[in-house]
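A.B. asks: Just so we're aligned, residue 10 is where the sequence shown starts under my numbering, counting upward by one. This structure is in structure tokens; I'll ask about it shortly.
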Amino acid sequence: MPVRGGCLCGRVEFEVDLPFAKFVKCHCSRCRQATGSAFAANAYVLPPAFRWLAGQDHVARFDLPQARSFSTSFCRECGSPLPHATRSGREVIIPAGSLKEDPGASPTIDACWQSRARWLSDAVDLPTSD
Ligand SMILES: [Zn+2]
Ligand SMILES: [Zn+2]
């Protein structure tokens, strides 16, 4: 069963087949800049598992020049992060916040944990008690 996603303004829509190949939270500084948040939550799938449904011409891509592989995609109209192929083309990265339906899975990897935002509550280090 595919799950659907899209951008805030609604021009871009996509669907992705489950399950994800991997589901990662990345705490690196590039992911923080790119998302404006404490970490990126990215699902990875093989290219055949991903399809644009609408608005692909509104999707812009940015390849960070000084990085070996860091890229982002976003809607030209509303700026929402959107899926993009890795530079190798071997995988498609889905920003999990762009999904409009629950994929029924949670991230299993905390990448770059040592680089995490120190302003995020220490609660992320601790299991919640309630
Ligand atoms: Zn949009
Ligand atoms: Zn990262």
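Yeah, the Cβ is synthetic: ideal placement off N, Cα and C, and Gly gets one too.
Can you pull every residue whose C-beta falls closer than 5 Å to some heavy atom of ligand 2, listed in chain order?
C.D. replies: Cβ atoms closer than 5 Å to ligand 2 belong to 35, 37, 40.
A.B. asks: With respect to the alpha helix (DSSP H) encompassing residue 44, which residues constitute its N-terminal and C-terminal limits?
C.D. replies: Counting along the chain, the alpha helix (DSSP H) containing residue 44 begins and ends at 38-44.
A.B. asks: At the level of alpha carbons, what is the spacing between residue 15 and residue 22?
C.D. replies: Roughly 4 Å between the two C-alpha positions.
A.B. asks: Quick one: using the 10 Å Cβ neighbour count with 16 as the cut-off for buried, is residue 87 buried or exposed?
C.D. replies: That one is exposed.
A.B. asks: Counting C-beta neighbours from all protein chains within 10 Å, is the total for residue 99 16 or more, i.e. buried, or is it exposed?
C.D. replies: It counts as exposed.
A.B. asks: Flag this pair as yes or no: are the beta carbons of residue 90 and residue 29 separated by less than 9 Å?
C.D. replies: No, the pair does not count as a contact, with Cβ atoms beyond the cut-off.
A.B. asks: Measure the alpha-carbon distance for residue 10 versus residue 25 and round it to whole angstroms.
C.D. replies: If I take the Cα positions, the gap works out to 9 Å.
A.B. asks: Flag residue 17 as yes when its Cβ comes closer than 8 Å to any non-hydrogen atom of ligand 1, and as no otherwise.
C.D. replies: Yes, ligand 1 has a heavy atom inside 8 Å of this Cβ.
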